[in-house]
Amino acid sequence: MTRLPLEGIRILETADVWAGPYTCSLLGDMGAEVIKVESIQRMSTRGQTLRPPKDAPGYVDKNPGERPWERASVFNGINRNKLGITLNLKDPDGVKLYKSLVKVSDILVENYATGVLDNLGVGYEVLRQINPGLIMISMPLFGSTGPYKNYRGNGGTCDPVTGHTLLRCYEDNDPYYIGQTVHTDAVSSTTAVFAVLTALFYRRRTGVGQYLDLAHSEGIMPHLGEAIMDYTMNGRVAQSTGNRGVTNAPQGCYRCKGDDRWVTIAVTNDKEWTLLQEAMGNPAWAKADKFQDALSRLENQDELDKHIEEWAIEKDHYEAMHLLQELGVPSGTVIDHAEAYADPHIRARGFFEKVTHREAGTHEYAGNPWKLTKTPASIRIPATCLGEYNKEVLCGLLGLSADELQSLEDKQVIGDAYLEGADIA
Amino acid sequence: MAETALEGLKVLDLTRYIAGPQCTKLLADYGAEVIKIEKPGEGDPARRLGPFPNDEPDPEKSGLFLHLNTNKKSITLNLKSEGGKRIFKSLVADVDILVENFSPRVMPELGLGYLELEQLNPRLVMVSISNFGQTGPYRDYKAAEITSWAMGSRMYSTGHPDRPPLKLAGSVVQYLAGTNAAAAAMSALFGSLATGEGQQVDISIQECLLGAVDNNLLSHQYDHEVNRRQGGRREGTYPMGYYFANDGFFQLQGPSVRHWPRIVRALGIEELEDPKFSDPATRTQHHGDFDAIFYPWAIVRTKGEIVQMAQDAKAYSAPLLNMEEVVNNEHHNSRGFFVEVEHPIAGKFKYPGAPIKFPQTPWGVRSPAPTLGQDNIEIYCGRLGYSKSQIVTLRQQNVI
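Quick mapping for you: the protein sequence lines, in order, are chains V and P. Following the working numbering, the numbering of the first sequence begins with 1 at its first residue and continues without gaps. Following the working numbering, the numbering of the second sequence begins with 1001 at its first residue and continues without gaps.
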């Protein structure tokens, strides 16, 4: 029986939306025991409302069902391998139980706005008295100090302040066209996993816990190192280049045969340029002097792109990639989500796992992105239902009796269904 | 010198370019000893990528290299030589973690794959970062930032419906993969500490994107819809997106319809108090009317004042900053995010600082990025016991 790497480590999760929960599902995938604290008074990001309309997107078969909060993809994708409980943290009994959990946990992950946990009487200064070795990480948007410390927002609020948004426009530098994609939470979550395990390594040696402050903005800015250094070294303000390379051509996203199908190509040296020509059947236009070296390809890339567009439009977007890759030219099909599920490589990697969820049914979920060869991760526990593990955690771990559990339910400190108005709280 | 969190952790670093060095940078910056192995002569190719001060290329002055390789030691070693392999094996016997980001064929073809190395060091955690992973039909496929992003399934829905799918900025996909690798390395390390047995950690840049950048992968499984490009405007939903102020752009978003009345009052735009904008039954039809009122209102104000008003009303809002504004930003600087680093050849510049603040064991640049082979003597003579004249021979033989 393989022992997962983080077995024996207990994580308490008081987090919502994306970054905090994704951090904890990664840790849970690696074998940690994750206890996720929600409440029946206030709806987590388990959909937008308690009673969505029929045919709402994001729900199983667009059917919200009797308990829509158990059937929402926005939650179920990032809340597996966790034991979900509910506790009303505005109730003294809830706070007492929360503190008991802190006492037996190694790591606490939270991503509420700055001050929320302090106001509930469970800020770090209080918790470290209960558990001096506690490692606690907060993930506020811009950090827990500074002029923006109380700013509210999502990934689309963070991205602009890092400089990333203005660097990823089309070549017209107009952010209006770039759409809703942000990768903020993927950065924050993976950074947070690194952070808490680093703190745990230190605690292993010294017994000392820490309070870690991970601003989403500060997780991302080091990833824009080149642009930052060009400013600090040269006073130059980097501009968007769209899909084009800064120093290499051709590079771009080229339309293929069919409806909204594209392939990306990036030629990064003379050798790849030769191979690209071969892939295109060594057309005469490509022999022109103006395309033979890197600098002149850059200067003439408008014309170069037109020629490549004429070639690509005749091709299937997957065939184009395989043809180029066979010769050794960097190329990537722009795959959509349906194609991801069908892609032969992704499937051969065993990336998707079939999981049966008691309310959502059976589907394929994205696995953990880190392939540990001897102790592979898997989805051991499907996405937690609301309060699903109240008994297991409160009685099994904290030793409450059946009567005590019942009393908490009667007082609505715990439960397994949202109270009316939980989505407005 | 302040204590560091990863003091005592030993890392051997074969990585080059961006994804791998980002992984080992995180380990080094928080205190691990990272010995970076570079090819004799030209070293890490990132030394050629710049930016360079005054646009004067110099392998010791590449901004990308300087940023990504803080706190690391550098030795030169030719892994293709028998002598080089022997030295590598003696180094790897002694470390906790090895990180490499070569194409998957390379290490096994050198006789230095995980199966060989685990014999030398059973507790070794070997982190291998590659475009598509160590296995599978695309294992040997080449990639660049844009092609990796395309294969991650999110590019298709990034950008405007009337324009091509759009890449993210710079090399952020590669940095994200590097950060994934650091998190994975620490996870596997704990397994090795507990059992004495290490393993290989296979990181595919593609897999770091799938399912991580958005939840639309699973929502496709659930509702069978395919997420498509929407550009900056979702019909019927406002305020949402990036808008023009008189000195640049700002973001503004709800966050939900319930907050609308409060936001409108805080911004002081009387015409938007018309019930047609707040009634859920009618508001979606008046998106155009909203634009016609809001755009002229915003264009005569600064992004800073609009953001402050919106945040006071608990709306989501932020200014879009360019790099000059980022580096000079009051908030980032109040947190000490940018740090000055002095390099013996490149000089003194501001660098991005700590991604996470650790109060007891703060992030810091104990040493700037190394010059090529800077630590040859310390490691080869000091640690492995070679004499100076042996070092000369090894150099002459192109082993180091």
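Ideal placement from N, C-alpha and C gives every residue a C-beta, glycine not left out. Computed from a predicted structure; not experimentally measured.
By Cβ distance below 8 Å, which residues in the same chain neighbour residue i in space, the five residues on each side in sequence not counted?
{"i": "PHE352 of chain V", "result": "TYR341, ILE346, GLU364, TYR365, ALA366, GLY367"}
{"i": "ARG1048 of chain P", "result": "GLU1042, PRO1057, PRO1059, SER1062"}
{"i": "ALA195 of chain V", "result": "ILE137, LEU212, LEU214"}
{"i": "LEU1210 of chain P", "result": "GLY1152, SER1153, LEU1217"}
{"i": "CYS169 of chain V", "result": "PRO175, TYR177, ILE178, SER240, GLY242"}
{"i": "HIS1220 of chain P", "result": "VAL1226, ASN1227"}
{"i": "ILE1018 of chain P", "result": "ALA1046, LEU1064, LEU1068, SER1171, GLN1174, TYR1175, GLY1178"}
How about residue i and residue j: do their beta carbons lie closer than 8 Å?
{"i": "GLU390 of chain V", "j": "ASP416 of chain V", "result": "It is Asn, not Glu, that sits at residue 390 of chain V in the sequence shown. Contact flag set, yes."}
{"i": "THR145 of chain V", "j": "ILE1356 of chain P", "result": "no"}
{"i": "HIS1343 of chain P", "j": "ALA1310 of chain P", "result": "no"}
{"i": "VAL1125 of chain P", "j": "LYS1072 of chain P", "result": "no"}
{"i": "ARG1228 of chain P", "j": "GLY1159 of chain P", "result": "no"}
{"i": "THR375 of chain V", "j": "THR45 of chain V", "result": "no"}
{"i": "GLN1253 of chain P", "j": "TYR1295 of chain P", "result": "no"}
{"i": "LEU1217 of chain P", "j": "SER1128 of chain P", "result": "no"}
{"i": "PRO1161 of chain P", "j": "GLY1231 of chain P", "result": "yes"}
{"i": "ALA238 of chain V", "j": "GLN251 of chain V", "result": "no"}
{"i": "ASN81 of chain V", "j": "ARG380 of chain V", "result": "yes"}
{"i": "HIS1205 of chain P", "j": "ALA1183 of chain P", "result": "In the sequence as displayed, the identity of residue 1205 of chain P is Ile instead of His. No."}
{"i": "GLY1198 of chain P", "j": "GLU1118 of chain P", "result": "yes"}
{"i": "THR333 of chain V", "j": "LYS1350 of chain P", "result": "no"}
{"i": "LEU4 of chain V", "j": "MET30 of chain V", "result": "yes"}
{"i": "GLU359 of chain V", "j": "ARG71 of chain V", "result": "yes"}
{"i": "ILE1263 of chain P", "j": "ILE1293 of chain P", "result": "no"}
{"i": "THR1147 of chain P", "j": "SER407 of chain V", "result": "no"}
{"i": "ALA1266 of chain P", "j": "ALA1313 of chain P", "result": "yes"}
{"i": "LEU108 of chain V", "j": "THR198 of chain V", "result": "no"}
In whole angstroms, give me the CA-to-CA distance for residue i and residue j.
{"i": "SER401 of chain V", "j": "CYS395 of chain V", "result": "6 Å"}
{"i": "MET1155 of chain P", "j": "LEU97 of chain V", "result": "44 Å"}
{"i": "GLN210 of chain V", "j": "GLY133 of chain V", "result": "7 Å"}
{"i": "LEU1077 of chain P", "j": "VAL1201 of chain P", "result": "24 Å"}
{"i": "GLN1396 of chain P", "j": "GLY1050 of chain P", "result": "30 Å"}
{"i": "GLU319 of chain V", "j": "CYS256 of chain V", "result": "10 Å"}
{"i": "CYS1023 of chain P", "j": "SER1367 of chain P", "result": "17 Å"}
{"i": "MET1186 of chain P", "j": "PRO1021 of chain P", "result": "15 Å"}
{"i": "HIS1332 of chain P", "j": "LEU276 of chain V", "result": "44 Å"}
{"i": "LEU1320 of chain P", "j": "ALA1298 of chain P", "result": "14 Å"}
{"i": "GLY1133 of chain P", "j": "ASP1055 of chain P", "result": "36 Å"}
{"i": "GLU7 of chain V", "j": "GLU33 of chain V", "result": "7 Å"}
Just the chain C side, please: which residues come within less than 7 Å of residue i by C-beta, in chain order?
{"i": "ASP1202 of chain P", "result": "Among the chains of the structure shown, chain C does not appear; the protein chains present are V and P."}
What does a CB cutoff of less than 6 Å around residue i pick up in its chain, not counting 5 residues either side in sequence?
{"i": "ILE220 of chain V", "result": "THR162, VAL187"}
{"i": "ALA1032 of chain P", "result": "LEU1006, LEU1009, VAL1011"}
{"i": "VAL1399 of chain P", "result": "ASN1078, SER1081, GLY1083, GLY1084"}
{"i": "ASN300 of chain V", "result": "LYS290"}
{"i": "TYR1380 of chain P", "result": "TYR1386, ILE1391"}
{"i": "GLY153 of chain V", "result": "LEU141"}
Should residue i go down as buried or exposed, given a rule of 16 or more other Cβ atoms within 10 Å for buried?
{"i": "TRP262 of chain V", "result": "buried"}
{"i": "GLU429 of chain V", "result": "The structure shown does not extend to residue 429 of chain V, since chain V spans only 1 to 425, so no value can be given for it."}
{"i": "TYR297 of chain V", "result": "Per the sequence shown, the amino acid found at residue 297 of chain V is Arg instead of Tyr. By the neighbour-count rule (16 or more Cβ atoms within 10 Å), ARG297 of chain V is buried."}
{"i": "LEU83 of chain V", "result": "buried"}
{"i": "LYS315 of chain V", "result": "buried"}
{"i": "PRO53 of chain V", "result": "exposed"}
{"i": "ILE228 of chain V", "result": "buried"}
{"i": "VAL104 of chain V", "result": "exposed"}
{"i": "HIS1224 of chain P", "result": "exposed"}
{"i": "GLY1382 of chain P", "result": "exposed"}
{"i": "GLY1336 of chain P", "result": "exposed"}
Could you pull out every residue in the same chain whose Cβ sits closer than 7 Å to the Cβ of residue i, ignoring the five residues on either side in sequence?
{"i": "ILE78 of chain V", "result": "TRP18, PRO21, TYR22, SER25"}
{"i": "ASP1013 of chain P", "result": "THR1024, VAL1034, ILE1035, LYS1036, ILE1037, LYS1072, VAL1099"}
{"i": "GLY207 of chain V", "result": "GLY133"}
{"i": "ALA279 of chain V", "result": "LEU323, LEU324, LEU327, VAL329"}
{"i": "PRO147 of chain V", "result": "none"}
For residue i, is the beta carbon positioned less than 7 Å from some heavy atom of the ligand PLP?
{"i": "ARG255 of chain V", "result": "As far as ligands go, the structure on display features none, and thus does not contain the ligand PLP."}
Worksheet entry | alpha helix (DSSP H) runs contained entirely in the segment 260-301 of chain V, provided each spans 4 or more residues | 270-279, 294-299
Fill in: Continuous alpha helix (DSSP H) assignments of at least 4 residues falling wholly in the segment 1188-1229 of chain P
1205-1209, 1216-1223
Discussion item. Quick check for students: name the residue ranges of the alpha helix (DSSP H) that lie wholly in the segment 114-152 of chain V, counting only runs of 4 or more.
Written reply: Whole alpha helix (DSSP H) segments, 4+ residues: 116-119, 124-130.
Worksheet item: Where in the segment 1335-1380 of chain P do unbroken runs of the alpha helix (DSSP H), each at least 4 residues long, occur, reported from the N-terminal end onward?
Response: none
Item to complete: Can you check the segment 1004-1070 of chain P for any beta strand (DSSP E) of at least 3 residues that lies completely inside it and give the ranges in chain order?
Response: 1010-1013, 1033-1038
Worksheet item: Where in the segment 139-213 of chain V do unbroken runs of the alpha helix (DSSP H), each at least 4 residues long, occur, reported from the N-terminal end onward?
Response: 155-162, 164-167, 184-206
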